[in-house]
Amino acid sequence: MIKIFKHLLPLFVVQFFTWLALFALWIYATPVITKYVFNSTDAESSAFENGITWVGVCFAFYSTLAAVLAFAIPRLGARFGKYKLHAMALLMGSVGLLLMYFIKNQYLLLLSFAFIGI
Numbered sequence: 016m017i018k019i020f021k022h023l024l025p026l027f028v029v030q031f032f033t034w035l036a037l038f039a040l041w042i043y044a045t046p047v048i049t050k051y052v053f054n055s056t057d058a059e060s061s062a063f064e065n066g067i068t069w070v071g072v073c074f075a076f077y078s079t080l081a082a083v084l085a086f087a088i089p090r091l092g093a094r095f096g097k098y099k100l101h102a103m104a105l106l107m108g109s110v111g112l113l114l115m116y117f118i119k120n121q122y123l124l125l126l127s128f129a130f131i132g133i
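Take a look at the structure:
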C-alpha cells in the first residue's frame with residue numbers, strides 16, 4: 016500500500032494544481048477577457064457580448080487543438096518519455112495562462128489558448 020502511495024502522491028499533487036488552474040480558467044476567463052480585452056463590464060453592452068462570444072471561440076480553439084494533438088501523444092511519449100512529455104505540456108499550459116495577463120488583443124489570445132490546449 017505504501018508503495019502505491021509513493022507513486023500516486025506526485026500524481027495527486029500535479030493533478031490537484033492542474034485542475035485548480037483549469038477551474039480558475041473556466042470561471043474567470045469570461046469576466047477577465049470581457050473587462051481587459053473588450054473593455055466592458057456592462058452585461059448589456061455589445062462589447063461585453065462580443066467578449067463572451069470570443070471566450071467561447073478561445074475555449075473551442077484550445078479544446079479542438081487538444082483533441083487533435085492527443086493523436087500525437089503515443090509517438091511523442093515514445094520519443095521523449097511520458098514524464099518529460101507531461102512536464103512539457105504542463106509548462107506550455109502555464110505559459111499560456113501567464114500570457115493571458117499580458118495579451119490585450121483578442122486575436123493574440125488564440126496564441127495563449129494554443130499553449131493551454133497543448
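Heads up: the sequence shown at position 19 corresponds to 34 in this note's numbering, and the numbers run straight through without jumps.
For every residue, glycine included, the Cβ atom is placed at its ideal position computed from N, Cα and C.
Source: prediction; values computed, not measured.
6 angstroms CB neighbourhood of residue i in its chain, flanking five on each side removed
i	result
M115	S127
C73	L124, F128
P46	none
Same chain, Cβ closer than 7 angstroms to residue i, five either side skipped, listed in chain order
i	result
A44	V70
S55	T49, A62, F63, G66
A81	G132
Anticipated Cβ contact below 8 angstroms, residue i with residue j, distance rounded
i	j	result
L125	F76	6 angstroms
L100	L91	5 angstroms
Buried or exposed (CB count within 10 angstroms, at least 16 for buried), residue i
i	result
V29	exposed
L84	exposed
G132	buried
L40	buried
Cβ shell of residue i (< 8 angstroms), same chain only, five flanking positions each side left out
i	result
Q52	Sequence inspection shows Val at residue 52; the Gln mentioned does not correspond to that position. Hits under 8 angstroms: G66, W69, I118, K119, N120, Q121, L124.
S78	G132
F20	none
A104	I133
Residue i and residue j closer than 9 angstroms at C-beta
i	j	result
G111	F95	no
A58	G108	no
**Report entry** Whole alpha helix (DSSP H) elements within the segment 59-112, 4-residue minimum
**Finding:** Fully enclosed alpha helix (DSSP H) runs of 4 or longer: 61-84, 88-95.
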